[in-house]
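First up is the structure itself, then whatever we jot down about it.
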Amino acid sequence: MTTSYPSLFNWLPIAILYFTLVPELTARPSDHPDFALTIDCSRTNDPFFVGGVGDATITVSDGTPPYSVTWSGPVNGTGMLDADGDYRIDGLPAGEYAIIVQDLEGAVENCMLTLSERECDLEVEFVGVSPVCAGSASGAFVTLFNSNTSITWEWSDEANSTFRPFWVSSFGATGLKAGTYSATITDFFGCEVSDTITLTDPPALDVDCGKINHPSNPFT
């Protein structure tokens with residue numbers, strides 16, 4: 215019995231066809247010279263208000279779309295970008311974020327960005343003026359502030375809470391009895407300064423009249 219085997223040359227066209235049609239299945243590195251996925255991370259806007267949120271823009275190019283975009287930091291999230299271009303991430307509190315972008319072929323790039331909290335420049339001075347007489351309601355609590363925005367004043371008894379336009383540089387409460395009072399000043403951006411002041415009564419007036427001579431008879 216004779217066994218025959220196909221010639222190697224008979225299989226060669228099939229092998230060539232197979233390796234031509236079957237794509238590369240492994241993820242390619244992003245530093246491959248023919249596939250240079252690039253990203254750029256930029257802070258678009260820092261938070262406008264104290265405790266507010268900002269946003270960032272991720273620019274993606276030279277990869278194979280679609281792209282997955284993942285971010286981690288004070289808040290985490292993920293999204294998809296269908297083509298080369300910008301991906302905007304909104305609602306980011308201040309802090310540091312790590313950004314990871316991966317394309318369809320598995321190429322990965324990452325970057326870091328930082329959103330800064332709004333700096334406060336509100337300057338406030340609290341001045342307490344004690345009553346002039348014991349038991350009287352003649353004390354005062356005055357606040358002097360330096361701000362170019364509108365101001366909200368919150369008073370400890372809530373009856374004196376008020377809103378002041380930006381051109382007013384001081385405000386206070388008068389007719390106060392001895393006691394402890396607190397106030398909080400907040401500007402338009404959410405910058406806040408608080409303080410507590412205690413007003414005290416002066417010593418009670420002590421009068422000793424002694425002996426009074428009759429004006430008509432100084433010797434009596």
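Following our numbering, the numbering of the sequence shown begins with 215 at its first residue and continues without gaps. The C-beta atom is built at its ideal place from N, Cα and C for all residues, glycine as well.
Quick check: the Cα distance between residue i and residue j, rounded to an integer number of angstroms?
i, j, result
"E337", "G266", "21 Å"
"A321", "P261", "32 Å"
"A348", "T388", "16 Å"
"N259", "D298", "22 Å"
"V407", "P416", "29 Å"
"T357", "S350", "22 Å"
"M294", "M326", "18 Å"
"G277", "Y311", "22 Å"
"I253", "V315", "8 Å"
"S383", "C405", "16 Å"
"L251", "Y281", "10 Å"
"F385", "F355", "9 Å"
"V264", "A397", "19 Å"
"L318", "P279", "6 Å"
"C255", "I313", "8 Å"
"E368", "G287", "34 Å"
"S330", "D409", "27 Å"
"G353", "G291", "55 Å"
"T504", "R257", "For the chain, the structure presents residues 215 to 434; residue 504 sits outside this window and is missing."
"V289", "F403", "22 Å"
"I228", "D296", "With a pLDDT of 42 at I228, under the threshold of 50, the predicted position of this residue should be treated as unreliable, and no value is reported."
"A308", "D335", "18 Å"
"F359", "V343", "17 Å"
"Y395", "E339", "14 Å"
"Y412", "G393", "The sequence given here has Thr at residue 412, not Tyr. Cα to Cα, T412 sits roughly 6 Å from G393."
"I365", "W285", "36 Å"
"T328", "S370", "38 Å"
"R332", "T363", "14 Å"
Count the other C-beta atoms from every protein chain shown that fall within 10 angstroms of the C-beta of residue i, then say buried if there are 16 or more, exposed otherwise.
i, result
"P345", "buried"
"T400", "buried"
"V341", "exposed"
"V274", "buried"
"L390", "buried"
"V283", "buried"
"S361", "buried"
"L419", "exposed"
"E323", "buried"
Locate the beta strand (DSSP E) running through residue i, then write down its first and last residues.
i, result
"V343", "337 to 343"
"C347", "Where C347 is concerned, there is no enclosing beta strand (DSSP E), given that its DSSP letter is neither H nor E."
"D401", "393 to 401"
"L306", "299 to 307"
"T278", "Taken as a continuous stretch (DSSP letters only), T278 belongs to no beta strand (DSSP E), as it is neither H nor E."
"E333", "No beta strand (DSSP E) contains E333, which DSSP labels as neither H nor E."
"M410", "Checking the displayed sequence, the identity of residue 410 turns out to be Thr instead of Met. Element bounds for T410: 406 to 413."
"V295", "The residue you asked about is not Val; residue 295 is Leu in the sequence shown. Note, L295: beta strand (DSSP E), 291 to 295."
According to DSSP, which residues form a beta bridge with residue i?
i, result
"A312", "S286, M326"
"F385", "T357"
"V267", "P307"
"T258", "Bridge partners of T258: none, in fact."
"L390", "G353"
Three-pair Cβ contact test at 8 Å for the region 297 to 304 versus the region 268 to 276
yes
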